[in-house]
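Colleague: Have a look at this one before I ask anything.
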Amino acid sequence: MEWLPISLLVVPVLFAGLVWIARREARPFLFLLGTGVALILAIYQAWAVTQVKVISCLREEILVDGLSAFMSLLIAFLSFVCAIYSTAYLTLPHLKEAPEERLRMFQALFLILEFTLFWTVMTNNIVFLWVALEATTLASALLVSFYWNRRALEAGYKYLLLLTVGITSALFGCVLFYAAAAPHLGDEPALLITNLKTVVDKLPGHIALIVAVLLLIGFGTKAGLAPFHPWIPDAHAEAPTVMSAILSGIIIKVPLYAILRVMNLFAPRFPELGSLLMGIGVFSMLLGSLLALLQDDLKRLLAYSSAAQIGYVAAGIGAVSYLGYYGALLHIAHHALTKALLFMAGGIVAAMANTRNIPSLGGIARKMPATSIFFLIGALSLGGVPLFSGFISKLTVILALTQVRAWVSVTIAVGVSLLTLAYILRAFQRVFWGEPRSPEAASENIKEAPLPMLLAMALLALGIFAIGMTPQLFDPILDLAAKP
């Protein structure tokens, strides 16, 4: 089984090279094939982990347990779906005249980004965890700036600057952790997370607490938790739609994985860290939802709602319990599928109408009925309506909060869910119903999304219903992932 993690790391890099040297006509096929092979490997790896519990290689530098396997599967699935979507997206009129090298760069960098995401969730080395997260920032910053206009370059620069500065605190935490732990580990590798876990209780209390806080600040910035969220709206709004789906769907989830690892290390010794993280999560829920409510730009509305929704994940992790971790991971999966679907549906509407301004739209459902249905599915899921994934994930998180008697957090979580349903359905009504409110919305150029885009959105909708109606299908891997 040791070959599985290595294969999952090698495949995206190999296909990135093939995409780079291939002719334009062959690149979409190679792009799809690379992400498809990675998905097959991730599915097999997830099944294997349910049988053997842990797969390790390279002297435990790479270690795949239930949590790593779950995240790898989510990364692979979303990457494959985005690759399907991009085969049509990259042929839209506003991209047909894009320089050849920029299209080549997009597909190759996307695969490199997939590699860095896999590396982040499978490394057992705490410094390499930081390095891999920083590598995801570098790769995604170039993709955020894809359009190469002033706003895109500004968003990419802001994204790179804020995340690099923010995650530097995590680097300080890693260095301090190593310096404090090394004397207690003797000849054992002092950077392996599995080894560090055995000596946390031996570290001086103030040092251990400083390390934990530095790591949480760094990874929380990367996740976009309030008040570390200012990069989120610009990056999501100015990036290509495929990149917006990946940003919200998976890139902000990977640092939440790192936060869960940190809590597994330090929460048993410092229970107050759970309360701190829960407070940050609740603050993110409130602030993100209120800011989303004020937006007239469709992509910025969806971006701010991401800051709110990852607050549920942080609150679940902050409960520091099996049910809290289970709910947090379920919400990670729900939000990855739901927000990717909303960005894909909203993004193609914005591309067809040549505007993201919600008050300028209207009546889009007549010309794009299938897209409007997919957006509605995403909206109902985001709002936590029964039978959709958002209901079961939010319910699990809220039950975990009731277990620890966090009644204020429970009240806010329920209230934010209702507020989310209100503003996302309001956006749906203004974009898709009624009469066109501008020449852009009335344009004859607006037509139904191409088949590959509809297929990608259908796969995401299927995942939403699968989690919402048959969550037990995912229990074997989620159960392993949620156990500290």
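Its first residue numbered 41, the sequence shown is counted upward by one per residue in this note's numbering.
Positions of the beta carbon are idealized from the N, C-alpha and C atoms, including for glycine.
Under three-state DSSP, which class holds N164?
Modeller: Correct three-state label for N164: coil.
Colleague: Whole alpha helix (DSSP H) runs in the segment 300-383 with 4 or more residues, listed along the chain?
Modeller: Qualifying alpha helix (DSSP H) stretches, in chain order: 312-333 and 338-358.
Colleague: Residues in its own chain within less than 8 Å of L164 by CB, not counting five upstream and five downstream?
Modeller: Per the sequence shown, residue 164 should be read as Asn rather than Leu. Cβ within range, chain order: S96, E100, E101, I102, L103, L232, I233 and T234.
Colleague: Roughly how many angstroms separate the alpha carbons of V444 and I257, rounded to a whole number?
Modeller: Cα to Cα, V444 sits roughly 24 Å from I257.
Colleague: Suppose only complete runs of 4+ residues qualify. What are the alpha helix (DSSP H) ranges in the segment 213-270, listed by chain order?
Modeller: Segments of the alpha helix (DSSP H) lying fully in the segment 213-270: 233-236 and 245-263.
Colleague: Quick check on this structure: which residue in A390, L107, L459 and A123 has the alpha carbon closest to the alpha carbon of L331?
Modeller: Comparing Cα-Cα distances from L331 to each of A390, L107, L459 and A123, the minimum goes to L459.
Colleague: Tell me the residue span of the alpha helix (DSSP H) that contains L435.
Modeller: Residues S429 to Q443.
Colleague: Determine the direct distance from the alpha carbon of I152 to that of G455, and round the result to whole angstroms.
Modeller: Taking the straight line joining both Cα atoms gives about 40 Å.
Colleague: In angstroms with no decimal places, state the Cα-to-Cα distance between V121 and P492.
Modeller: Cα-Cα distance, rounded: 10 Å.
Colleague: Using a Cβ-Cβ cutoff of less than 8 Å, which residues in the same chain neighbour A192 once the five nearest sequence positions on both sides are dropped?
Modeller: Here the set comprises V184, S185, F186, E278 and A279.
Colleague: Could you give the DSSP three-state label for V205: helix, strand or coil?
Modeller: Looking at V205 - three-state DSSP - the assignment turns out to be helix.
Colleague: Assuming I452 and L326 are in contact, meaning their beta carbons sit under 8 Å apart, how far apart are those beta carbons, in whole angstroms?
Modeller: That belief holds up - the Cβ atoms of I452 and L326 are roughly 6 Å apart, short of 8 Å.
Colleague: I need the straight-line Cα distance from Y344 to P273, nearest angstrom please.
Modeller: Between Y344 and P273, the C-alpha separation is close to 6 Å.
Colleague: For K242, does the count of other Cβ atoms within 10 angstroms reach 16, so buried, or fall short, so exposed?
Modeller: Label assigned to K242: exposed.
Colleague: From the DSSP output, in three-state form, read off V104 for me.
Modeller: It is a strand residue.
Colleague: So, with DSSP's three-state summary, where would you put S551?
Modeller: Since the first and last residues shown for the chain are 41 and 524, residue 551 lies out of range.
Colleague: For the 8 Å Cβ check, are there 3 or more pairs between the segment 140-150 and the segment 290-309?
Modeller: Verdict: no, contact absent.
Colleague: I'd like to know whether the C-beta atoms of I357 and S429 end up nearer to each other than 8 Å.
Modeller: In this structure, S429 does not lie closer than 8 Å to I357 by Cβ.
Colleague: Among P270, G213 and G245, which one has its Cα closest to the Cα of L254?
Modeller: When each option's Cα is compared against that of L254, the closest is G213.
Colleague: On the DSSP bridge list, what partners appear for I95?
Modeller: Answer is V104.
Colleague: Whole angstroms is fine: what's the gap from V59's alpha carbon to L342's?
Modeller: Near 31 Å, if we compare the C-alpha coordinates of L342 and V59.
Colleague: Counting pairs of beta carbons, one from the segment 493-502 and one from the segment 404-424, are three or more of them closer than 8 Å?
Modeller: Taking 8 Å as the limit for Cβ pairs, the verdict is that the segment 404-424 does touch the segment 493-502.
Colleague: How about G328 and A307: do their beta carbons lie closer than 8 Å?
Modeller: No, Cβ-Cβ distance for G328 and A307 is not below 8 Å.
Colleague: Can you give me the C-alpha to C-alpha distance between S62 and P311, rounded to a whole angstrom?
Modeller: One detail in the question is off: residue 62 reads as Ala in this sequence, not Ser. Going by the C-alpha atoms only, they are around 53 Å apart.
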